[in-house]
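According to this note's numbering, the residues represented by the sequence shown are 35 to 298, in order.
Written out below as structure tokens is the structure these notes cover.
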Amino acid sequence: MQLIPTISDLHAAPSKLRPAEIFLHVAREDLAHALSLLRVSKAIHSLVAPVIYETVILDHPDRNGLYARVQSFMLAIASQPAYFFARAVKNLYIHALVPPADAVRILTVCTGVVNLVCWKDWRIRLAPLIHPMPLRSLTTHLLAFSSCIAEAGDGAALPAWCGTLEFLEVAYWGAEALDVVPLPSLAPLVALRELNLRAFGRPAPRVLDVLLSPPRLRRLRVMLRLLPDILVSGKVKYLASSPHEGASLWRNYVDGAYPHCWSL
35 MQLIPTISDL HAAPSKLRPA EIFLHVARED LAHALSLLRV SKAIHSLVAP VIYETVILDH
95 PDRNGLYARV QSFMLAIASQ PAYFFARAVK NLYIHALVPP ADAVRILTVC TGVVNLVCWK
155 DWRIRLAPLI HPMPLRSLTT HLLAFSSCIA EAGDGAALPA WCGTLEFLEV AYWGAEALDV
215 VPLPSLAPLV ALRELNLRAF GRPAPRVLDV LLSPPRLRRL RVMLRLLPDI LVSGKVKYLA
275 SSPHEGASLW RNYVDGAYPH CWSL
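Here it is as structure tokens:
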């Protein structure tokens with residue numbers, strides 16, 4: 035295996051790049067190559083290591099595979115100063131089966147996350163953990179998300195991401211009807227443009243008013259389990275919800291495109 039960029043790699047890199055930029059370009063193009071670059075020198079290791087941890091997906095089709103991936107990342111966290119992951123990790127996916135203590139540790143360390151999917155929130159308090167993150171997109175359970183805004187409404191400062199969050203997807207699979215669940219106003223989300231709600235049934239007008247409260251919201255998609263036709267009413271679009279595609283769908287954020295559900 036090559037430990038330095040090959041001639042073809044260098045030709046493929048954009049022109050007028052400095053040597054350090056060429057190594058970064060090659061690392062981003064091929065993660066396997068990035069791992070090999072770590073062994074070139076300490077300087078290259080320091081340069082390339084953040085690229086490797088830019089995207090962390092704690093998901094796996096096999097439960098043992100998931101636990102192995104989580105354990106590997108926890109060992110990495112223990113081997114580096116906390117500021118490394120605070121700066122490096124920008125895209126983070128946490129599956130529901132990630133052990134709660136590990137999820138808390140990961141969210142505590144990775145404070146610079148921009149795109150977050152976290153399904154591990156019924157056993158942990160999500161609000162203080164994601165409070166400082168400069169989030170652009172967030173996918174989580176509705177009640178956990180609501181608590182983040184509600185706690186700020188009690189006199190605490192608003193989360194840092196209230197001014198940066200553009201894409202939000204929340205799911206509600208609770209036993210109680212969504213219409214009786216207390217929801218805070220989403221008006222503080224001044225940058226929010228797209229909102230997806232996954233639920234069993236259509237929300238009542240009161241709930242719709244809350245969901246439509248962000249001042250710059252362009253589209254609210256209500257993604258229902260059983261719906262024969264796509265219906266549009268103003269900013270609200272009702273459509274059938276397919277089984278959640280998980281990390282494979284969310285990876286489109288990382289690739290610079292939105293998940294296909296945003297185009298529906």
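Built from N, CA and C at the ideal position, the CB exists for glycine as well.
Note that the structure is predicted; figures quoted are calculated from it, not measured.
In this structure, the straight-line span from the alpha carbon of phenylalanine 234 to that of valine 204 is close to 13 Å. By the 16-neighbour rule on beta-carbons within 10 angstroms, serine 171 is buried.
Leucine 131 sits away from leucine 92, with the two beta carbons spaced by 7 Å or more. Sixteen is the threshold: when 16 or more other Cβ atoms of the shown chains lie within 10 Å of the Cβ of asparagine 125, as they do, the residue is buried. Shown here for phenylalanine 179: same chain residues with a beta carbon closer than 6 Å to its own, the five before and five after excluded, namely Val204 in chain order. Ranking Glu228, Leu163, Arg252, Trp207 by CA distance to the CA of leucine 258 puts Trp207 first. Taking C-beta atoms as the reference points, alanine 194 and proline 168 count as a pair closer than 7 Å. Per the DSSP secondary-structure output, serine 171 pairs in a beta bridge with Asn149, Phe201. A Cβ-Cβ contact shorter than 7 Å links leucine 163 with leucine 141.
Remark: C-beta atoms of valine 148 and threonine 173 do not approach each other more closely than 7 Å. Collapsing the DSSP output to three states places arginine 227 in coil.
Scanning Leu245, Ala120, Asp136, Val85 for the CA closest to the CA of phenylalanine 107 turns up Asp136. Rounded to the nearest angstrom, the Cβ distance from leucine 246 to lysine 269 is 6 Å, consistent with a contact under 8 Å. If you check the CB distance, proline 84 and alanine 122 come in under 7 Å. Under the three-state reduction of DSSP output, serine 181 falls in the helix class. CA-CA distance, arginine 250 to alanine 191, rounds to 21 Å.
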